[in-house]
Amino acid sequence: MSTVKTSSSPSIAVLGGGPAGAATAIGLARMGYAVILFNTPRRFAAVEGVSDRVAQGLQQAGLEQALATLAPPSPRRVMWGGKESAVNTERLIYRPDFDAALLRDAASHGVEWRDAWVDGWKVEDSGRIAIDFQTTDEAAARLFVDFVVEARGRAAPLSANRVRGVETVSLLQYWHPTTPGEEKAHSAVQSFAAGWAWLAMGTDGRRYLQLTLDVATANLPEKARLGDFCREHLARLELAHAFTAGAEPEGELHARACTPILASGITDQHCIRVGDAAAAGDPLSGNGIFLALSSALQAPAVIHTLLQHPERGVLARDFHFQRLTGLFYRFARIGRDFYAKEDQWPNAPFWQTRRAWPDAEPLHRALTPESVHLARRPVLSHGEIIEAEVVVTPDNPLGIWLLDGIELAPALALVRAVKTAKAARQALAAYLGEPENEVPRNAERLLAWFEEQGWIDFGNAS
Ligand SMILES: Cc1cc2nc3c(=O)[nH]c(=O)nc-3n(C[C@H](O)[C@H](O)[C@H](O)COP(=O)(O)OP(=O)(O)OC[C@H]3O[C@@H](n4cnc5c(N)ncnc54)[C@H](O)[C@@H]3O)c2cc1C
Numbered sequence: 171m172s173t174v175k176t177s178s179s180p181s182i183a184v185l186g187g188g189p190a191g192a193a194t195a196i197g198l199a200r201m202g203y204a205v206i207l208f209n210t211p212r213r214f215a216a217v218e219g220v221s222d223r224v225a226q227g228l229q230q231a232g233l234e235q236a237l238a239t240l241a242p243p244s245p246r247r248v249m250w251g252g253k254e255s256a257v258n259t260e261r262l263i264y265r266p267d268f269d270a271a272l273l274r275d276a277a278s279h280g281v282e283w284r285d286a287w288v289d290g291w292k293v294e295d296s297g298r299i300a301i302d303f304q305t306t307d308e309a310a311a312r313l314f315v316d317f318v319v320e321a322r323g324r325a326a327p328l329s330a331n332r333v334r335g336v337e338t339v340s341l342l343q344y345w346h347p348t349t350p351g352e353e354k355a356h357s358a359v360q361s362f363a364a365g366w367a368w369l370a371m372g373t374d375g376r377r378y379l380q381l382t383l384d385v386a387t388a389n390l391p392e393k394a395r396l397g398d399f400c401r402e403h404l405a406r407l408e409l410a411h412a413f414t415a416g417a418e419p420e421g422e423l424h425a426r427a428c429t430p431i432l433a434s435g436i437t438d439q440h441c442i443r444v445g446d447a448a449a450a451g452d453p454l455s456g457n458g459i460f461l462a463l464s465s466a467l468q469a470p471a472v473i474h475t476l477l478q479h480p481e482r483g484v485l486a487r488d489f490h491f492q493r494l495t496g497l498f499y500r501f502a503r504i505g506r507d508f509y510a511k512e513d514q515w516p517n518a519p520f521w522q523t524r525r526a527w528p529d530a531e532p533l534h535r536a537l538t539p540e541s542v543h544l545a546r547r548p549v550l551s552h553g554e555i556i557e558a559e560v561v562v563t564p565d566n567p568l569g570i571w572l573l574d575g576i577e578l579a580p581a582l583a584l585v586r587a588v589k590t591a592k593a594a595r596q597a598l599a600a601y602l603g604e605p606e607n608e609v610p611r612n613a614e615r616l617l618a619w620f621e622e623q624g625w626i627d628f629g630n631a632s
């Protein structure tokens, strides 16, 4: 991992302290950069659900205190396409606790953070960047830095020429039990003609009910009638009964915009976008935090390359953009295919539009040995972005560089240059430095792996 000397390190402002901002700030602090993070907590208490791979991402990012706020996996029932399944679990997150822990994690890694609202930033003639913000006592202040990480989530200023999916909104409300008592945490997803519901219950019996709807056609009533509107929808959902029985709505309803958005201009020489500020997906995929962490885990290497090796700036920007775009479309197509599985209301606008977005490209493309090729692409190596030869496949257009530390492209080139599996094993054994008088176990394993992937096919030519 590359590091910079603290005394001469450029200062970096991270705007927004959600998972993306906190993880990027920690990654930069670990590299030795002076990092200041600005955050104002969000105004409502959201609940979200994540899979276990988010737990791994949080660990990797150094967000241990945030990880400790995740509830253990709890069962999730799904009613989709008229069929019920209960094979899944998810871990519920109470965002106020999670978000507060993210900031404590950042502070424990040496990130200076301010409870402040960012009004905006601009590049001065000197090349330095002025951040304008307001502290909690509403005093206006300005601070100069060398680089900005835009991590204000969906509240980040919108970029021009962004990709925008179908306009979507979620209405969410807490319900509390009329007779409090300990409950088993669980959640449920159910589709209906005008959208889908996500329903969650914590061990304290509090329920968090969320309806996701099409902005253009939901015919939302005025604010005062929204509560009744949600109650009427919930009353028609079989899986909602377990969440509304013995409970009453509490507090205000909140509307959360959740249209998928991919920003353009994700990186330039002054700023990088991470998390939802760069690519915000449809909540159906339940992958928002995963996507936010993915972008944040790679961002420090991109920033480091931009600042310390400007000659590789374009490469670093391409790396961040291509990876984020790839993930955004992958999750968008997974969402599209999941929407398409709901076929009970083929003419309802909610379903019609979503099963056709973002495109008709298949999620997976057929792979043949001929479709696999070698190319030069940006890769992340020891905390910076370099160019390397990688193996490009139809499902992996960004290329695969290493497997257990072995560079795959030169190995595949050697295998392709020979006619038999025996000759390929010998070539790989020499490449991997295996002694001639021993069985080339690693070469055999790698050759078998190439065959499993479908990258080579010697047929009967052993
Ligand atoms: C309805 C809905 C349901 C969702 N459900 C799930 C789910 O179940 N699972 C999942 O993984 N993801 C879910 N997501 C997505 C998830 O919330 C986001 O992808 C994730 O939080 C993005 O992280 P982030 O760090 O980019 O932004 P955020 O988590 O939004 O963090 C941004 C931070 O910046 C702060 N901020 C904003 N503007 C300013 C400003 N001007 N000055 C200072 N601070 C500011 C905000 O208050 C916030 O603290 C859902 C999203 C929506 C809309």
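Numbering (our numbering), first residue to last: 171 to 632.
Glycine included, every Cβ here is placed at the ideal spot set by N, Cα and C.
It should be emphasised that the depicted structure is a prediction, and the values quoted were computed from it without experimental measurement.
### Query
To the nearest angstrom, how far is it from the Cα of arginine 322 to the Cα of isoleucine 436?
13 Å
### Query
Measuring CA to CA, which of Phe501, Thr429, Ser551 is closest to valine 472?
Ser551
### Task
Report the three-state DSSP secondary structure of proline 564 (helix, strand or coil).
coil
### Query
Whole alpha helix (DSSP H) runs in the stretch 525-597 with 4 or more residues, listed along the chain?
578-586
### Message
If the criterion is Cβ atoms closer than 8 Å, does the pair tryptophan 527 and tryptophan 521 meet it?
### Response
no
### Task
Return yes when the C-beta of valine 248 is under 7 Å from any heavy atom of ligand 3, and no when it is not.
Ligand 3 is not among the ligands present in this structure, which contains only ligand 1.
### Query
Looking only at its own chain, which residues have a Cβ that is under 6 Å from the Cβ of histidine 356, when we skip the five neighbours before and after it?
Ser244, Pro245, Met371
### Query
Does at least one heavy atom of ligand 1 sit under 7 Å from the Cβ of serine 340?
yes
### Coarse secondary structure for leucine 233, derived from DSSP in three states
coil
#### Entry: Neighbourhood of valine 542 by C-beta, 6 Å cutoff - its chain only, sequence neighbours within 5 removed
Thr563, Trp625
### Query
Which one of Thr523, Glu604, Ala518 has the shortest CA to CA distance from alanine 502?
Thr523
#### Entry: aspartate 302 vs alanine 310 beta-carbon contact at 8 Å
Taking 8 Å as the Cβ cut-off, aspartate 302 and alanine 310 qualify as a contacting pair.
### Query
Is proline 539 near ligand 1, with its Cβ less than 7 Å from a heavy atom?
no
### Task
For arginine 426, write down the residues that DSSP places opposite it in a beta bridge.
Beta bridge pairing from DSSP links arginine 426 with Ser340.
### Message
So, with DSSP's three-state summary, where would you put alanine 599?
### Response
helix
### Query
Distance, Cα to Cα, threonine 176 vs arginine 324?
Model confidence at threonine 176 stands at a pLDDT of 43, short of 50, so the residue's coordinates are unreliable and nothing is read from them.
### Contact check, tryptophan 571 vs valine 560, beta carbons under 8 Å
yes
### Task
Quick one: which unbroken beta strand (DSSP E) runs of 3-plus residues sit fully inside the stretch 180-225? Chain order, please.
With a minimum length of 3 residues, the continuous beta strand (DSSP E) runs that stay inside the stretch 180-225 are 181-185, 204-209, 217-220.
### Query
Is alanine 583 close to chain B, meaning its C-beta is less than 8 Å from at least one C-beta of that chain?
The displayed structure is made up of one protein chain only, and chain B is not part of it.
### Message
Please tell me whether, using a cut-off of 7 Å, the distance from the CB of valine 205 to the nearest non-hydrogen atom of ligand 1 is below it.
### Response
no
### Query
What does DSSP give as the partner residues of serine 357 in its beta bridges?
Arg246, Ala370
### Query
Are the beta-carbon atoms belonging to leucine 407 and phenylalanine 362 less than 8 Å from one another?
In this structure, leucine 407 sits near phenylalanine 362, with a CB-CB distance shorter than 8 Å.
### Task
Below 8 Å on the Cβ atoms is my guess for asparagine 209 versus tryptophan 283; work out the distance and round it to an integer in Å.
6 Å
### Query
Identify the residues that DSSP records as bridge partners of serine 255: which are they?
Val248
### Task
Along the alpha helix (DSSP H) that carries valine 472, what are the first and last residues, could you check?
458-478
### Query
So is phenylalanine 460 buried or exposed if we call it buried at 16+ other beta carbons inside 10 Å?
buried
### Query
For glycine 421, which of helix, strand or coil comes out of DSSP?
strand
### Query
Any idea what DSSP makes of leucine 390, helix, strand or coil?
coil
### Query
From tryptophan 368 to leucine 383, what does the alpha carbon distance come to, in whole angstroms?
12 Å
### Message
Using the three-state DSSP reduction, which class does threonine 495 fall into: helix, strand or coil?
### Response
helix
### Query
Which residue's Cα is closest to the Cα of glutamate 260: Arg401, Ala225, Leu313, Lys511?
Ala225
### Message
I want to know whether the stretch 386-403 touches the stretch 442-460 - three or more CB-CB distances under 8 Å.
### Response
no
### Message
Am I right that alanine 271 and alanine 236 are in contact with their C-beta atoms under 8 Å? What's the rounded C-beta distance?
### Response
4 Å
### Task
Check whether the Cβ of leucine 494 lies closer than 7 Å to any heavy atom of ligand 1, and answer yes or no.
no
### N-terminal and C-terminal residue of the alpha helix (DSSP H) that arginine 284 is part of
It is not in any alpha helix (DSSP H) - arginine 284 instead sits in the beta strand (DSSP E) that spans 282-293.
### Query
How is the alpha helix (DSSP H) around phenylalanine 620 delimited, first residue to last?
611-623
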